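Trainee: Handing you this structure, nothing more for now.
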Amino acid sequence: GKSRSWINGSPATATQLREIGDQLLDIHGQHAWQSLTRPDTVRSLLDAYAGSSTRALEALWTQWRSAQKALADAQAARDSLQQEQERLAWQIGEVGKLNPGAEEWSELNAEHTRLSHTQTLLDAVQTAIDALEGEDAGALAGLSRAYTALHNQEHIAPEYAALAEVLASSLAQAEDAAHSLHATLRKTEQDPSRLGELDDRLSQWVSLARRYKRTPAELPGLLAAWKTELVRLDATADSQALEAAERKAQAAYRTEATALSKARTLAAPQLAKAITLAMQGLGMQGGQFQVALQKIEPSASGLEEVQFLVAGHAGSTPRAVGKVASGGELSRIALAIAVTTSELGTAQTLIFDEVDSGVGGAVAETVGRLMRQLGRDRQVLAVTHLPQVAACADHHLVVAKQRDGKSTVSSVALVLGEQRVAEVARMLGGEKLSGTTLAHAKEMLGGL
152 GKSRSWINGS PATATQLREI GDQLLDIHGQ HAWQSLTRPD TVRSLLDAYA GSSTRALEAL
212 WTQWRSAQKA LADAQAARDS LQQEQERLAW QIGEVGKLNP GAEEWSELNA EHTRLSHTQT
272 LLDAVQTAID ALEGEDAGAL AGLSRAYTAL HNQEHIAPEY AALAEVLASS LAQAEDAAHS
332 LHATLRKTEQ DPSRLGELDD RLSQWVSLAR RYKRTPAELP GLLAAWKTEL VRLDATADSQ
392 ALEAAERKAQ AAYRTEATAL SKARTLAAPQ LAKAITLAMQ GLGMQGGQFQ VALQKIEPSA
452 SGLEEVQFLV AGHAGSTPRA VGKVASGGEL SRIALAIAVT TSELGTAQTL IFDEVDSGVG
512 GAVAETVGRL MRQLGRDRQV LAVTHLPQVA ACADHHLVVA KQRDGKSTVS SVALVLGEQR
572 VAEVARMLGG EKLSGTTLAH AKEMLGGL
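Position one of the sequence shown corresponds to residue 152 (my numbering), numbered consecutively onward.
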């Protein structure tokens, strides 16, 4: 099943283990020089030597980038906003020329319908007048005769009086209607000019409505909505506040970045001098180490890129660490850097995994002494095949592999006393131990 991790009795994630591991352990492998070609690694080493940190700068960089994005988004929106304002203004101007009234469309249609049917209306009025006023068959004459006939017989049949009164009232109403019809006939005229004006006006309404995919009756409301939206867009806040925020964030970033640059500029030659000195003790007499700073565009890590340059021998031109040809030189340079910078870290345990690969003799003794020096104030573990390095240790653990049936088992055992001497002698002369190799091993271990 899956393994479970714990820190101080509490469950922990792999990420938490890595984070706490970085604080507790500092591991230097035999290929440690490869990391020295990575800008982030060398920059971190220089910053650690300078006593600086990019944490505050990274936060300010994030703030500046956020302010830049907010301003850019606002400017993009402003361009889009301006286009929308121009579009609305043009549409308002076009429909505004028509100046459609709220009820005008229905009124225009009603008037147009009436004018286009004027002759029909006049004919209807004349027909009604003729029906009322005809000399023999007219309604007025008929009502008058009916009234007179009944009225003349009221002295014989009093009950006719009520009927005669009804006829008299009807006659009066018919006469009023005839009077109104004559008035309508007099004031109603055909007006081709006005009808043409109405046709043009209605055509303009229909054309604009079709262009904006609306019904003509919707034009007044559409125009009002456009005007309201244009006022809102005009009132939209400008980007002055965002511009001020961006300038403030940039100034804060550049202040911190400039301070970091000064610290790096001051520390670079000091670190180079310290590593150069360590290189001399590792058999690279005349070698030179340089810390180069190159200006770059602003970034989360600052205003410069850091690069380690090395000249392996006196008179040679410093080159990037990754371009140094000798594997032994690479190992010694990495060790010199590790020794110089390891004291800066907070890790209380340093692990050197075969960093002495490619060296031997007096240089190997120097490597051992350097590790012993580091071990004065912290725990140093070294995996080595060199007796000169092993002899400098206070304690020795032997790692061995054995066949256990079909599998291979690795074991780690603490060795003391004569067994410790024997293991160093084995590193010196192989499996067959002679008195000479044992004596040499004891001498290397300090006469134990």
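Think of the CB as a built atom: it goes at the ideal place given N, C-alpha and C, for glycine as much as any other residue. Because the structure is a prediction, the values reported are computed rather than measured.
Given a cut-off of 8 angstroms on the beta-carbon distance, is the pair VAL514 and LEU433 in contact?
Mentor: A contact, by the Cβ cut-off of 8 angstroms.
Trainee: Is it the case that the Cβ atoms of TRP212 and ALA419 are separated by a distance below 8 angstroms?
Mentor: No, the pair does not count as a contact, with Cβ atoms beyond the cut-off.
Trainee: Could I get the ranges of all uninterrupted alpha helix (DSSP H) runs contained in the region 235-281, with 4 residues as the minimum, in chain order?
Mentor: Whole alpha helix (DSSP H) segments, 4+ residues: 255-267.
Trainee: Suppose you measure from the CA of TRP377 to the CA of SER231; what does that come to, to the nearest Å?
Mentor: Roughly 17 angstroms separates the two Cα atoms.
Trainee: Could you give the distance in angstroms between the alpha-carbon of ILE401 and the alpha-carbon of ALA487?
Mentor: Looking at the sequence provided, one finds Gln at residue 401 rather than Ile. Rounded to the nearest angstrom, the two C-alpha atoms are 39 angstroms apart.
Trainee: Smallest Cα separation from VAL549: which of SER562, CYS543, ALA542?
Mentor: Checked all of SER562, CYS543, ALA542; the closest Cα to VAL549 is SER562.
Trainee: Between the region 575-582 and the region 553-560, can you find at least three pairs of beta-carbon atoms closer than 8 angstroms?
Mentor: With the cut-off at 8 angstroms, the region 553-560 and the region 575-582 do not touch.
Trainee: Which residues in the same chain as GLN436 place their Cβ atom closer than 6 angstroms to its Cβ, once the five residues preceding and following it in sequence are excluded?
Mentor: Result list for GLN436: empty, nothing under 6 angstroms.
Trainee: Comparing C-alpha positions only, which one of LYS446, LEU318, ALA425, GLU407 sits nearest to GLN439?
Mentor: When only C-alpha atoms are compared, the closest one is ALA425.
Trainee: Along the chain, where does the alpha helix (DSSP H) that runs through HIS302 open and close?
Mentor: Note, HIS302: alpha helix (DSSP H), 290-302.
Trainee: Tell me whether SER203 is buried or exposed, calling it buried when 16 or more other Cβ atoms sit within 10 Å of its Cβ.
Mentor: It counts as buried.
Trainee: Roughly how many whole angstroms lie between the Cα atoms of ASN159 and GLN530?
Mentor: Each residue's Cα considered, the two are about 21 angstroms apart.
Trainee: What are the start and end residues of each continuous beta strand (DSSP E) run of 3 or more residues lying completely inside the region 152-208, in chain order?
Mentor: 156-158, 161-163, 176-180, all fully within the region 152-208.
Trainee: In the structure shown, what three-state DSSP assignment does THR366 receive?
Mentor: Coil, per DSSP.
Trainee: Taking the C-alpha atoms as reference points, what is the distance between ALA476 and ALA485?
Mentor: Because ALA476 carries a pLDDT of 49, less than 50, the predicted location of this residue cannot be relied on, and no value is offered for it.
Trainee: Leaving out the 5 sequence neighbours to the left and right, which residues in its chain are closer than 7 angstroms to GLY462 when beta-carbon positions are compared?
Mentor: Residue identity differs from the one stated: residue 462 is Ala in this sequence, not Gly. For ALA462, where only same-chain residues beyond five positions count, the Cβ hits under 7 angstroms are GLY438, GLN439, THR468, PRO469.
Trainee: Nearest to GLN458 by alpha carbon, out of ARG155, HIS179, ARG189, SER156?
Mentor: Nearest of ARG155, HIS179, ARG189, SER156 to GLN458, Cα basis: ARG189.
Trainee: Rounding to the nearest angstrom, what Cα-Cα distance links LEU349 and PRO371 in this structure?
Mentor: In a straight line, the C-alpha of LEU349 is about 18 angstroms away from that of PRO371.
Trainee: Between the Cα of ALA228 and the Cα atoms of THR271, ALA489, LEU393, which residue gives the shortest distance?
Mentor: The residue with the shortest Cα to Cα distance from ALA228 is LEU393.
Trainee: Quick one: using the 10 Å Cβ neighbour count with 16 as the cut-off for buried, is ALA541 buried or exposed?
Mentor: So ALA541 counts as buried.
Trainee: Along the alpha helix (DSSP H) that carries PRO449, what are the first and last residues, could you check?
Mentor: Segment 439-450 is the beta strand (DSSP E) holding PRO449; no alpha helix (DSSP H) there.
Trainee: GLY282 and ALA290: beta carbons closer than 8 angstroms?
Mentor: It should be noted that the sequence gives Ala, not Gly, for residue 282. Yes. Within cutoff.
Trainee: Look at TRP256 and ALA368 and say whether their C-beta atoms are less than 8 angstroms apart.
Mentor: Yes; because the gap between Cβ atoms is below 8 angstroms, this pair is in contact.
Trainee: Thinking C-beta only, is LEU239 closer than 8 angstroms to LEU381?
Mentor: Yes, they are a contact pair.
Trainee: Helix, strand or coil for GLN401 per DSSP?
Mentor: Three-state DSSP puts GLN401 in a helix.
Trainee: Kindly indicate which three-state DSSP category ARG527 falls into: helix, strand or coil?
Mentor: Looking at ARG527 - three-state DSSP - the assignment turns out to be coil, as it is neither helix nor strand.
Trainee: What's the gap between the Cα of ARG155 and the Cα of LEU417?
Mentor: Going from the Cα of ARG155 to the Cα of LEU417 covers about 46 angstroms.
Trainee: Looking only at DSSP bridge pairs, what is ASP555 linked to?
Mentor: Answer is SER558.
Trainee: ALA498 and GLN174 look like a contact to me (Cβ under 8 angstroms); what is the Cβ gap, rounded to whole Å?
Mentor: Sure, about 6 angstroms apart at Cβ, within 8 angstroms.
Trainee: With a 10 Å radius around its C-beta and 16 neighbouring C-beta atoms as the bar for buried, classify PRO538 as buried or exposed.
Mentor: When all chains shown are included, PRO538 counts as buried.
Trainee: Does the beta-carbon of ARG618 have 16 or more other beta-carbons within 10 angstroms, so that it is buried, or is it exposed?
Mentor: The chain is shown only over 152 to 599; residue 618 falls outside these bounds and no answer can be derived.
Trainee: If we count Cβ pairs, one from each stretch, closer than 8 angstroms, do we get three or more for the region 311-329 versus the region 293-303?
Mentor: The region 311-329, when compared against the region 293-303, does touch it at the 8 angstroms Cβ threshold.
Trainee: Under a three-way DSSP split, which group does GLN391 fall into?
Mentor: GLN391 falls in the helix class under three-state DSSP.
Trainee: Closest to ALA221 by C-alpha separation, out of MET430, ALA199, SER390, would be which residue?
Mentor: Checked all of MET430, ALA199, SER390; the closest Cα to ALA221 is SER390.
Trainee: Can you tell which of SER358, LYS413, SER267 has its C-alpha closest to the C-alpha of LEU454?
Mentor: Checking every option, the nearest Cα to that of LEU454 belongs to LYS413.
Trainee: With a Cβ-Cβ cutoff of 8 angstroms, do HIS263 and LEU322 count as a contact?
Mentor: No, these two residues do not count as a Cβ contact at 8 angstroms.
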